[in-house]
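Those protein sequence lines, which keep their order, are chains A and B.
Residues in the first sequence are numbered consecutively from 734, following this note's numbering.
Residues in the second sequence are numbered consecutively from 734, following this note's numbering.
Ideal placement from N, C-alpha and C gives every residue a C-beta, glycine not left out.
Since the structure is predicted, the reported quantities are computational estimates derived from the model, not experimental observations.
There are 2 protein chains.
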Amino acid sequence: MENFTYFNPTRVEFGTGKEQLIGEILAARGIRKVLLCYGSERIKREGLFATVSGKLAEQGIAWVELGGIVSNPHISTVRKGVALARAQQVDAVLAVGGGSVLDSAKAIAAGVHYDGDVWELFLGKAAIASALPLFTILTLAATGSEMNGSAVVTNEDTQEKFFIAAPALFPQVSIVDPQLMRGVSRDYLVYSAADVIAHLIEAYFTASVHPKLLSRLVEALLNTVIETTEALLADPADYDARAEFAWAATLALNGLTFSGAAGFSYPNHAIEHALSALFNVPHGAGLSVVMPAWMKWYHSRNPAQFERFARQVFGVDSAEQGIAALEHWFDKIGTPTRLTQLQISAADLPAIAEKVQSNVRGFGIAELYTPAVVTDILNSAL
Amino acid sequence: MENFTYFNPTRVEFGTGKEQLIGEILAARGIRKVLLCYGSERIKREGLFATVSGKLAEQGIAWVELGGIVSNPHISTVRKGVALARAQQVDAVLAVGGGSVLDSAKAIAAGVHYDGDVWELFLGKAAIASALPLFTILTLAATGSEMNGSAVVTNEDTQEKFFIAAPALFPQVSIVDPQLMRGVSRDYLVYSAADVIAHLIEAYFTASVHPKLLSRLVEALLNTVIETTEALLADPADYDARAEFAWAATLALNGLTFSGAAGFSYPNHAIEHALSALFNVPHGAGLSVVMPAWMKWYHSRNPAQFERFARQVFGVDSAEQGIAALEHWFDKIGTPTRLTQLQISAADLPAIAEKVQSNVRGFGIAELYTPAVVTDILNSAL
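Laid out in structure tokens, this is it:
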């Protein structure tokens, strides 16, 4: 077991109606004005915006709106948010939405405290020493952003999809109300399942040090995601399934599943980030294509762990059968497993492979994931 | 799934040599003088005291010693600590030891900020609004006190063993170095295993709402504890086993395993607290006697979960077989399963049963655990 620091100061308020607390939560911390970040107008149609703004008003908290944050969120919107937060002198950022909204809000919170252009933080030109206090109300369970200190944003000019991470980016409070997620489309539910699974398997398969305790925790979460996704496809109103799915998604990327592991990397994310930076595919849809292809290429490097996965998650015996079972399960729930389903063809592979190279630079895996290897991996997913 | 708040602000520094950080950790938080709480002189013999005091001295941090804290720690020692902390105007409490030292330190930290007698906090006469900052270096993995906000202390005059819990009692930083635990005796290792198992099964078996995700997490931890205890009995120098055991013990009582559950109680702890208040038996040894007896009495109230336990933890089919397997495992590792092994006889049962009644008052389970029922349960453990 590797030495580690576990520190996760986010308070999670989980459950039905918890968004009603947002006014009190902010007021108790002395917040008088927030930048309210959101994505689509859905939160206005569905009444969440009215609830939130009503609770802010009750406490005399002012807000400035930044709407229109899209999936694979853009650095241009983040820059706009930084400018707005500064001009309006907000005390905090309140994100209401899914992972893209939360990640944009984190970038804005960091950008306000940084003198240069906020993209420089993604390029590692400066460390993030502090940020505006951040609060979130989650409407889509997938990315785990609600309980960690990292964020992924796309620079649409350079087609780079990079991340930032810092202790200052942990939300102070995150509200996770599964009821707010019942409007999530069937497509986004299955993409989210693929995203959570991807978070769970990267260290599980690639770590050079991976305590069995962590494998067991990961398998507990994998089995929960698989079971609750099926339950939700059968009955989107199944609150308990929605709640377990949401909490599993949070725990999948809050530090629990990799504290004590070492020598792991995120190749599936690296490849997918290239896909979505170039073709703007939904992150989870890209991941469900990449994962089985990557697993077929990688499994012989860690056969015991792939056999463990096969046994503990799908009740089958061999690594190959386990991978086939996951691919079959993705097909069954309706998330893509082929690049052609994403309108990506063999002719696009060289550009993707090049993009992966530039994405993984500095992560110590550039030597392994050469353009030839990435092309090889993706070829099996055509 | 029940609504919950998850909040655990303790920073855990886990791994070899982490105790070397203690000076920097305190200095970074502006601490100039600490009350240094410990138990036996073992930490002086084994060099840990020299390491810690050296690191404090390097940072110019003064300390006042409170040694001699015993298992099932006494409120009299806590009172002494409160007086000492006040007289010496310390800024923080530093606990170096196992659960008893940590719990005493928490009670002292709360007592310093309370005007009345500190035992009143255990009687619920006042809420714990604040406490001195608390830091810990763990030398025995068992109680989970290093990453939660609760503490159990015995009033030796009234023979009451009660607990306190408050957000202010979370340690700011806990150092968990498995190397510091290699001197733990064989007896205390197996008692610790029983204690961790008890923490894991109380809500697992008694909750009226218990999401399957939580059952899976609990089983991951149970299987880890069982496997690593056996590994450590075979080879006390097995660092990875020691580390996984320690981290499982921390996760067993840091909020993870019951967030989302509801309607659960701690009957095994209630019964054991009566045993150790009256007979001063080691907490884990008392628990390994109580658990199988309680399970035999209780299982028909929650048959599906007991069958699940049998299957997932011991690979057997029925509730009865699962309980027998646990009892057999306790026998195998050498932690008691009979009251007579604790020098407790049938004649003592009425007094124990009465003590349980007074302990559980206010916990909503006094009606269930009548003296007749407790006598019945313990009779099967004679």
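query, result
"Just to make sure I have the definition right: I need the residues of chain A whose C-beta is within less than 8 Å of the C-beta of B:Pro742. Which are they?", "Pro742"
"When burial is assigned at 16 or more other CB atoms within 10 Å of the CB, is A:Arg1041 buried or exposed?", "buried"
"Applying a beta-carbon distance threshold of less than 9 Å, which residues of chain B neighbour A:Pro944?", "Thr957, Asp973, Ala976, Glu977, Trp980"
"Leaving out the 5 sequence neighbours to the left and right, which residues in its chain are closer than 8 Å to B:Ile841 when beta-carbon positions are compared?", "Leu768, Cys770, Leu799, Val811, Gly814, Val815, Ala818, Val826, Val851, Leu865"
"When the Cα atoms are used, what is the spatial distance from A:Glu791 to A:Ile870?", "18 Å"
"A:Gly763 to A:Thr749, Cα distance in whole Å?", "25 Å"
"Near A:Ala1105, which residues of its chain fall below 8 Å by C-beta distance, leaving aside the five closest residues on each side in sequence?", "Ala1086"
"Confirm, please, whether the CB-CB distance from B:Asn805 to B:His1016 is below 8 Å.", "yes"
"Give me the residue from B:Leu955, B:Arg778, B:Leu946, B:Ala964 with the minimum Cα distance to A:Ala985.", "B:Leu946"
"Roughly how many whole angstroms lie between the Cα atoms of A:Thr784 and A:Glu752?", "8 Å"
"Among all the DSSP beta bridges, which residues are the ones paired with B:Ser992?", "B:Ala994"
"Please state the DSSP three-state secondary structure of B:Gly830.", "strand"
"Would you say B:Gly1075 and B:Phe997 are within 8 Å of each other, going by their C-beta atoms?", "Looking at the sequence shown, residue 1075 of chain B is not Gly but Leu. Taking 8 Å as the Cβ cut-off, B:Leu1075 and B:Phe997 do not qualify as a contacting pair."
"Are there three or more Cβ pairs, one per stretch, closer than 8 Å when the stretch 924 to 934 of chain A is compared with the stretch 1022 to 1030 of chain A?", "yes"
"Which residue spans inside the stretch 1007 to 1095 of chain A form an unbroken alpha helix (DSSP H) run of at least 4?", "1016 to 1031, 1036 to 1047, 1052 to 1066, 1082 to 1093"
"Please list the segments of the alpha helix (DSSP H) lying wholly inside the stretch 753 to 800 of chain B, counting only runs of 4 or more residues, in order along the chain.", "755 to 761, 775 to 778, 781 to 791"
"For the alpha helix (DSSP H) containing B:Asn1112, name the first residue and the last one.", "1104 to 1112"
"At the level of alpha carbons, what is the spacing between B:Glu977 and A:Pro944?", "7 Å"
"In or out: B:Lys788 buried (at least 16 other Cβ within 10 Å) or exposed?", "buried"
"Helix or strand or just coil, what does DSSP make of B:Val811?", "helix"
"How about B:Ala875 and B:Gly832: do their beta carbons lie closer than 8 Å?", "yes"
"Please state the DSSP three-state secondary structure of A:Glu889.", "coil"
"What in chain B is Cβ-close to A:Lys751, meaning under 8 Å?", "Asn736"
"Am I right that B:Ala974 and B:Asn1092 are in contact with their C-beta atoms under 8 Å? What's the rounded C-beta distance?", "With a Cβ gap of about 35 Å, B:Ala974 and B:Asn1092 do not count as contacting."
"For a contact defined as C-beta to C-beta under 8 Å, what are the partners of B:Ala953 on chain A?", "Leu946, Arg949, Leu950, Glu952, Ala953"
"Please confirm whether A:Tyr1102 and A:Pro1000 have their CB atoms less than 8 Å apart.", "yes"
"List, in chain order, every chain B residue whose beta-carbon is nearer than 9 Å to that of A:Val745.", "Phe737, Thr738, Tyr739, Phe740, Ser992"
"Closer than 8 Å, CB to CB, is A:Gly748 near chain B or not?", "yes"
"What would DSSP say about B:Leu867, mapped onto helix, strand or coil?", "strand"
"Roughly how many whole angstroms lie between the Cα atoms of B:Ala1114 and B:Leu1072?", "6 Å"
"B:Val745 bridges to which residues according to DSSP?", "A:Tyr739, B:Ser907"
"By how many angstroms is the C-alpha of A:Ile1056 removed from the C-alpha of A:Met1028?", "7 Å"
"Among the candidates B:Ala859, B:Ser809, B:Lys766, whose CA atom is the shortest distance from the CA of B:Ala820?", "B:Lys766"
"With the cut-off set at 8 Å, would you say B:Ile908 and B:Ile755 are in Cβ contact?", "yes"
"At which residues does the alpha helix (DSSP H) containing A:Thr872 begin and terminate?", "Segment: none, A:Thr872 is in no alpha helix (DSSP H) and carries neither H nor E."
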